[in-house]
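J.: Chains A and B, in that order, give the protein sequences.
Numbering (UniProt numbering) for the first sequence: 1 to 221.
Numbering (UniProt numbering) for the second sequence: 1 to 221.
There are 2 protein chains.
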Amino acid sequence: MTSKNIPEHARVYGCLRDMILFGDLVPGQPVTIQGLVDQLDVGMTPVREALRRLTAEGALMAMGNRRIVVPKLGLSHLEEIYYARLAIEPKLAEIAAKKSTPRLVSDLQIIDDRVDAAIAKGDIGAYLRENHAFHFRLYRAAEAEVLQSIALSLWLRIGPSLRAVGGRRGTTNLPDKHDKAITGLVASDSSMVYSAIEEDLRQGMDHVRQDMIFQNGEEAD
Amino acid sequence: MTSKNIPEHARVYGCLRDMILFGDLVPGQPVTIQGLVDQLDVGMTPVREALRRLTAEGALMAMGNRRIVVPKLGLSHLEEIYYARLAIEPKLAEIAAKKSTPRLVSDLQIIDDRVDAAIAKGDIGAYLRENHAFHFRLYRAAEAEVLQSIALSLWLRIGPSLRAVGGRRGTTNLPDKHDKAITGLVASDSSMVYSAIEEDLRQGMDHVRQDMIFQNGEEAD
DNA sequence: GTGAAATAAATATGATCAAATTATTTCAAC
DNA sequence: GTTGAAATAATTTGATCATATTTATTTCAC
Numbered sequence: 001m002t003s004k005n006i007p008e009h010a011r012v013y014g015c016l017r018d019m020i021l022f023g024d025l026v027p028g029q030p031v032t033i034q035g036l037v038d039q040l041d042v043g044m045t046p047v048r049e050a051l052r053r054l055t056a057e058g059a060l061m062a063m064g065n066r067r068i069v070v071p072k073l074g075l076s077h078l079e080e081i082y083y084a085r086l087a088i089e090p091k092l093a094e095i096a097a098k099k100s101t102p103r104l105v106s107d108l109q110i111i112d113d114r115v116d117a118a119i120a121k122g123d124i125g126a127y128l129r130e131n132h133a134f135h136f137r138l139y140r141a142a143e144a145e146v147l148q149s150i151a152l153s154l155w156l157r158i159g160p161s162l163r164a165v166g167g168r169r170g171t172t173n174l175p176d177k178h179d180k181a182i183t184g185l186v187a188s189d190s191s192m193v194y195s196a197i198e199e200d201l202r203q204g205m206d207h208v209r210q211d212m213i214f215q216n217g218e219e220a221d
Numbered sequence: 001m002t003s004k005n006i007p008e009h010a011r012v013y014g015c016l017r018d019m020i021l022f023g024d025l026v027p028g029q030p031v032t033i034q035g036l037v038d039q040l041d042v043g044m045t046p047v048r049e050a051l052r053r054l055t056a057e058g059a060l061m062a063m064g065n066r067r068i069v070v071p072k073l074g075l076s077h078l079e080e081i082y083y084a085r086l087a088i089e090p091k092l093a094e095i096a097a098k099k100s101t102p103r104l105v106s107d108l109q110i111i112d113d114r115v116d117a118a119i120a121k122g123d124i125g126a127y128l129r130e131n132h133a134f135h136f137r138l139y140r141a142a143e144a145e146v147l148q149s150i151a152l153s154l155w156l157r158i159g160p161s162l163r164a165v166g167g168r169r170g171t172t173n174l175p176d177k178h179d180k181a182i183t184g185l186v187a188s189d190s191s192m193v194y195s196a197i198e199e200d201l202r203q204g205m206d207h208v209r210q211d212m213i214f215q216n217g218e219e220a221d
């Protein structure tokens with residue numbers, strides 16, 4: 001059983017990426033190389049590589065002075081992400097719909113059940129994980145590397161803020177146009193899948209935007 | 001002595017990035033760590049960091065087996081890039097137009113003169129450089145980090161192929177809707193700037209697409 | 001053509017040096 | 001005598017390199 005032998009830098013990358021994607025890191029939080037070396041018990045070269053990669057993807061942000069932090073989004077950045085997500089993700093979903101398989105549909109149904117369960121339990125962490133799984137299982141089916149990597153970058157940028165919003169507002173009012181997307185897939189109606197994902201994004205992003213505007217009014221920074 | 005003391009890994013990154021952006025590296029060409037260490041006379045840690053970053057941006061591609069190469073685009077990847085560029089770049093131009101300054105206009109005029117000169121001389125390298133300078137001087141004015149970083153990633157992906165096409169077809173028939181864009185800026189007509197950049201991209205990308213289809217017909221791989 | 005040895009390149013560690021932040025001390029002013 | 005600001009010392013963190021280990025590929029023998 002020769003294990004896949006994933007390189008350390010890839011393991012560190014995956015670990016950090018998930019932490020950012022699922023809100024284990026707070027916006028504004030500093031990320032130190034030495035801290036990760038101690039915490040994950042690896043050398044510093046792999047850590048550095050992982051950090052450069054995540055910085056390039058927008059998941060982390062390099063300040064001028066050698067410091068790396070989890071970015072906290074401003075309203076203008078949020079609008080950019082909103083625009084880009086609407087431009088990229090529904091298209092990915094549409095392409096995926098044209099290549100749909102029974103396997104894709106059954107996978108998505110299973111995942112969506114878990115999404116619903118997480119919402120019912122009020123478990124933000126599980127919701128973020130399963131919601132991500134749903135979208136990227138769909139996007140992966142599009143077999144469109146370039147668009148998918150853009151989508152991942154956008155999710156990484158918004159991950160920490162999603163968690164923060166969920167923590168304040170709970171799991172009520174979370175978007176769920178997943179049913180409509182699945183219906184579109186089984187009906188081979190790619191434009192229905194397109195609009196389902198579009199609506200799903202709009203709901204989620206509007207949620208974040210409203211929270212951000214509210215927060216801005218409450219606390220000055 | 002106001003040297004900014006740019007770190008090695010950033011210098012290596014910038015160097016490699018320009019080489020890819022302006023076609024000094026051929027699609028399919030392997031990029032080795034050792035080679036860069038010898039060529040640029042730096043340690044391997046900075047080289048590794050630069051390579052990870054460029055890989056994350058899509059400028060380089062990691063094969064499964066520890067090899068890194070300059071990706072060569074297939075037709076389906078080209079279509080993805082085409083779609084994404086049309087979704088992102090005209091929007092960036094439009095935002096920039098709404099924040100236009102006299103300084104921006106004069107900068108763009110100067111750069112566009114250099115673009116025309118490069119076309120007249122048939123100097124592909126200079127054309128790629130000045131054309132990039134024109135677009136990103138405009139995009140930079142939008143002050144939209146997220147969209148701009150997506151645009152950069154897309155340019156990095158298509159850079160090597162642009163050079164290859166230019167090498168085969170020369171500088172004739174290269175797009176130049178730059179005049180229209182500048183006209184739109186001085187007229188404060190942001191939708192005119194939007195469509196100017198849109199047309200510019202279409203011309204350039206159609207050029208690459210046609211060449212790619214032709215090449216596919218000629219040589220099998 | 002298959003398998004084992006050789007080669008070359010990538011991965012990973014720890015040490016060393018440089019830079020930046022934090023803590024501390026000193027000195028001056030009230 | 002206490003407070004506050006500036007300067008300096010100390011600690012933490014980042015950047016780079018040299019080296020050892022692992023892994024993929026190639027070469028050569030059978």
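Where a beta carbon is used, it is the ideal one built from N, C-alpha and C, also for glycine.
For clarity, every value in this text was computed on a predicted model and none was experimentally measured.
In chain order, which continuous runs of the alpha helix (DSSP H) of length 4 or greater are located wholly inside the region 80-126 of chain A?
T.: Qualifying alpha helix (DSSP H) stretches, in chain order: 102-121.
J.: If you drop the 5 nearest sequence neighbours on each side, which residues of the same chain put their C-beta closer than 8 Å to that of residue 81/A?
T.: Answer for residue 81/A: 73, 154, 157, 158, 205, listed in chain order.
J.: Please look up how many angstroms separate the CB atoms of residue 93/B and residue 193/B, rounded, as I've assumed it's under 8 Å.
T.: With a Cβ gap of about 5 Å, residue 93/B and residue 193/B count as contacting.
J.: Roughly how many whole angstroms lie between the Cα atoms of residue 123/A and residue 77/B?
T.: Looking at the two C-alpha atoms, the distance is approximately 38 Å.
J.: Against chain B, with Cβ distances strictly below 8 Å, would residue 2/A count as a contact?
T.: With a pLDDT of only 32 at residue 2/A, under the threshold of 50, the placement of this residue in the model should not be trusted; the figure read from the coordinates follows. By this cut-off, residue 2/A is not an interface position.
J.: So the candidates are 174/A, 209/A, 142/A; which of them puts its Cα closest to the Cα of residue 121/A?
T.: Ranking the options by Cα distance to residue 121/A, first place goes to 174/A.
J.: Grab me the residues of residue 46/B's own chain with a C-beta within less than 6 Å of its C-beta, minus the 5 sequence neighbours each way, in chain order.
T.: Cβ neighbours of residue 46/B beyond the five flanking positions: 8, 9, 12.
J.: So with Cβ pairs under 8 Å, would you call residue 88/B a contact of chain A?
T.: So, interface residue.
J.: Are the C-beta of residue 83/B and some C-beta of chain A separated by less than 8 Å?
T.: At least one chain A Cβ lies under 8 Å of residue 83/B.
J.: Measuring only the C-alpha atoms, how far is residue 15/B from residue 54/B?
T.: Looking at the two C-alpha atoms, the distance is approximately 11 Å.
J.: Less than 7 Å between C-beta atoms, sequence neighbours within five positions excluded: which residues of the same chain meet that for residue 5/A?
T.: Cβ neighbours of residue 5/A beyond the five flanking positions: none.
J.: List the residues that DSSP assigns as beta-bridge partners of residue 62/B.
T.: DSSP, once it has assigned bridges, lists 68/B as partnering residue 62/B.
J.: Taking C-beta pairs closer than 8 Å, name the residues in chain A that residue 45/B reaches, listed in chain order.
T.: The contacting residues are 45, 48.
J.: Can you tell me the Cα-Cα spacing of residue 60/B and residue 144/A, whole angstroms?
T.: One C-alpha to the other measures close to 17 Å.
J.: What does DSSP give as the partner residue(s) for residue 30/A in the beta ladder?
T.: According to DSSP, which records beta bridges pairwise, residue 30/A is partnered with 69/A.
J.: With a cut-off of 8 Å, does the C-beta of residue 91/B fall near any C-beta of chain A?
T.: Yes, residue 91/B counts as interfacial toward chain A.
J.: Would residue 58/A count as contacting chain B if we go by Cβ distances under 8 Å?
T.: Yes, residue 58/A counts as interfacial toward chain B.
J.: Taking Cβ positions, are residue 146/B and residue 211/B nearer each other than 8 Å?
T.: No, they are not a contact pair.
J.: The alpha helix (DSSP H) spanning residue 20/A covers which residue range?
T.: Segment 8-21, the alpha helix (DSSP H) holding residue 20/A.
J.: Is it buried or exposed, residue 139/B, if we count other Cβ atoms within 10 angstroms and call 16 or more buried?
T.: Buried: at least 16 other Cβ atoms inside 10 Å.
J.: For residue 42/B, which of helix, strand or coil comes out of DSSP?
T.: Reduced to three states, the DSSP call for residue 42/B is coil.
J.: In chain A, which residues lie less than 7 Å from residue 80/B when you measure between Cβ atoms?
T.: What residue 80/B touches in chain A: 144, 146, 147.
J.: What do you reckon, are the CB atoms on residue 33/A and residue 48/A nearer than 8 Å?
T.: Going by C-beta atoms, residue 33/A is nearer than 8 Å to residue 48/A.
J.: Which word fits residue 50/B, buried or exposed, when buried means at least 16 other C-beta atoms lie within 10 angstroms of its C-beta?
T.: Residue 50/B comes out buried.
J.: Hey, would you say residue 99/B sits closer than 8 Å to residue 142/B, going by beta carbons?
T.: Yes; because the gap between Cβ atoms is below 8 Å, this pair is in contact.
J.: Which ranges does the alpha helix (DSSP H) cover as unbroken runs of at least 4 residues, wholly within the region 188-221 of chain A, from first to last along the chain?
T.: Listed in chain order, they are 190-218.
J.: Indicate the three-state DSSP secondary structure (helix, strand or coil) for residue 143/A in the structure shown.
T.: Three-state DSSP puts residue 143/A in coil, outside helix and strand.
J.: Show which residues of chain A have a CB atom less than 7 Å away from the CB atom of residue 150/B.
T.: Simply 84, 150.
J.: Using a cut-off of 9 Å between C-beta atoms, extract the partners of residue 77/B located in chain A.
T.: Those are 144, 145, 146, listed as they occur along chain A.
J.: Alpha carbon to alpha carbon, how far is residue 151/A from residue 191/A? Give it in angstroms, no decimals.
T.: Their Cα atoms are separated by approximately 19 Å.
J.: To the nearest whole angstrom, what separates the beta carbons of residue 198/A and residue 86/A, a pair I think is in contact under 8 Å?
T.: The pair is a contact, with the Cβ atoms about 6 Å apart (cut-off 8 Å).
J.: What is the rounded straight-line gap between the Cα of residue 213/A and the Cα of residue 135/B?
T.: Rounded to whole angstroms, residue 213/A to residue 135/B spans 33 Å at the Cα level.
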